[in-house]
Amino acid sequence: LLDDLPKTVVSVRDGWQWACSSGAVVSGLLASVSAQLLGFFKADSSFNAAGHSQKGARDFLVAACFMALFLNISATISSFILIDILGEIGFKASTNEEDLKKLGKCETTQDGLLSKFHASPWWRYILWHWLVTFYLGILSLIISVLTYVWMQETKSTQAVMTVAVILTLLPTTFWMFFREFCAPKCRPKSQTRPQSPQNTSTTIP
Numbered sequence: 001l002l003d004d005l006p007k008t009v010v011s012v013r014d015g016w017q018w019a020c021s022s023g024a025v026v027s028g029l030l031a032s033v034s035a036q037l038l039g040f041f042k043a044d045s046s047f048n049a050a051g052h053s054q055k056g057a058r059d060f061l062v063a064a065c066f067m068a069l070f071l072n073i074s075a076t077i078s079s080f081i082l083i084d085i086l087g088e089i090g091f092k093a094s095t096n097e098e099d100l101k102k103l104g105k106c107e108t109t110q111d112g113l114l115s116k117f118h119a120s121p122w123w124r125y126i127l128w129h130w131l132v133t134f135y136l137g138i139l140s141l142i143i144s145v146l147t148y149v150w151m152q153e154t155k156s157t158q159a160v161m162t163v164a165v166i167l168t169l170l171p172t173t174f175w176m177f178f179r180e181f182c183a184p185k186c187r188p189k190s191q192t193r194p195q196s197p198q199n200t201s202t203t204i205p
């Protein structure tokens with residue numbers, strides 16, 4: 001059996017486990033906030049006279065809040081599934097030791113490296129499901145709050161909050177849609193070619 005995973009693999013696995021654990025806490029808190037805001041947005045006393053006349057906007061506001069609630073619940077569940085999948089990598093890798101010895105020098109992404117070490121075949125699908133629901137859960141909640149601001153607050157407040165929302169979403173959007181997720185397949189050592197500076201190369205001992 002392969003008793004010890006390579007340090008690089010352990011580092012990547014632990015990093016994703018930490019991200020999933022933190023994400024589960026964040027999504028759980030956001031689901032709780034969404035539930036509280038839902039009650040607030042459905043109360044007539046939360047709106048002024050102008051707000052009462054904007055039925056379409058109020059319906060959109062409530063729908064966005066419902067969406068935030070369910071998406072954050074879904075993200076919480078997906079993160080727990082990912083934690084379980086990541087915890088099984090050591091055992092699954094130990095039962096495929098001969099395959100792992102053939103990896104040699106490997107060009108891949110972080111999630112691709114875990115797949116090479118026999119993470120569940122569903123690993124990437126569940127990872128993307130978690131990332132998408134996590135992002136959309138945050139986005140829906142922010143949109144619902146921003147909609148309320150646009151319905152109730154002054155023009156200056158609307159402008160300031162719109163800029164704040166853009167600044168809030170920039171890091172998450174960049175991480176979601178511009179992270180590298182495609183890379184060449186692993187090649188045995190005998191077929192390894194010189195690396196270009198742009199490629200990420202990981203040697204599996």
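The opening position of the sequence shown corresponds to residue 1 in UniProt numbering, with each subsequent residue numbered one higher. By construction, the Cβ of each residue, glycine as well, lies at the ideal position given by its N, Cα and C atoms. No experiment lies behind these values; they were computed from the predicted model shown.
{"Query": "Presumed contact (8 Å Cβ cut-off) between Gly137 and Ala64, rounded CB distance", "Result": "Contact flag wrong, Cβ pair sits at about 11 Å."}
{"Query": "Candidates Thr157, Trp130, Asn48 and Leu146, of which the one nearest Ser22 by Cα", "Result": "Trp130"}
{"Query": "Short Cβ contact (8 Å threshold) for Ala68 with Ser34", "Result": "yes"}
{"Query": "Cα-Cα separation, Val25 to Thr154", "Result": "34 Å"}
{"Query": "Element boundaries [alpha helix (DSSP H), containing Trp16]", "Result": "Lys7 to Lys42"}
{"Query": "Enclosing alpha helix (DSSP H) for Thr154 [first to last residue]", "Result": "Careful: Thr154 lies outside any alpha helix (DSSP H) and carries neither H nor E."}
{"Query": "Residue from Ser78, Ile83, Lys55 and Phe41 with nearest C-alpha to Phe66", "Result": "Phe41"}
{"Query": "Alpha-carbon to alpha-carbon, Met176 and Cys20", "Result": "14 Å"}
{"Query": "Cutoff 8 Å; reference Gln158; Cβ partners in own chain excluding five residues on either side", "Result": "Val149 and Trp150"}
{"Query": "Cβ neighbour criterion (16 or more within 10 Å) applied to Phe174", "Result": "exposed"}
{"Query": "Three-state secondary structure assigned by DSSP to Pro171", "Result": "helix"}
{"Query": "For Phe47, the three-state DSSP class (helix, strand or coil)", "Result": "coil"}
{"Query": "Whether Leu37 touches Ser144 by CB criterion (8 Å)", "Result": "yes"}
{"Query": "Option nearest Arg124 by Cα separation, candidates Thr162, Ser156, Leu82 and Tyr135", "Result": "Leu82"}
{"Query": "Closer than 7 Å: Val25 CB and nearest the ligand SAM heavy atom", "Result": "The ligand content of the structure shown is nil, which means the ligand SAM is not present either."}
{"Query": "Straight-line Cα distance separating Ala164 from Leu127", "Result": "28 Å"}
{"Query": "DSSP state of Gln54 mapped onto helix, strand, coil", "Result": "coil"}
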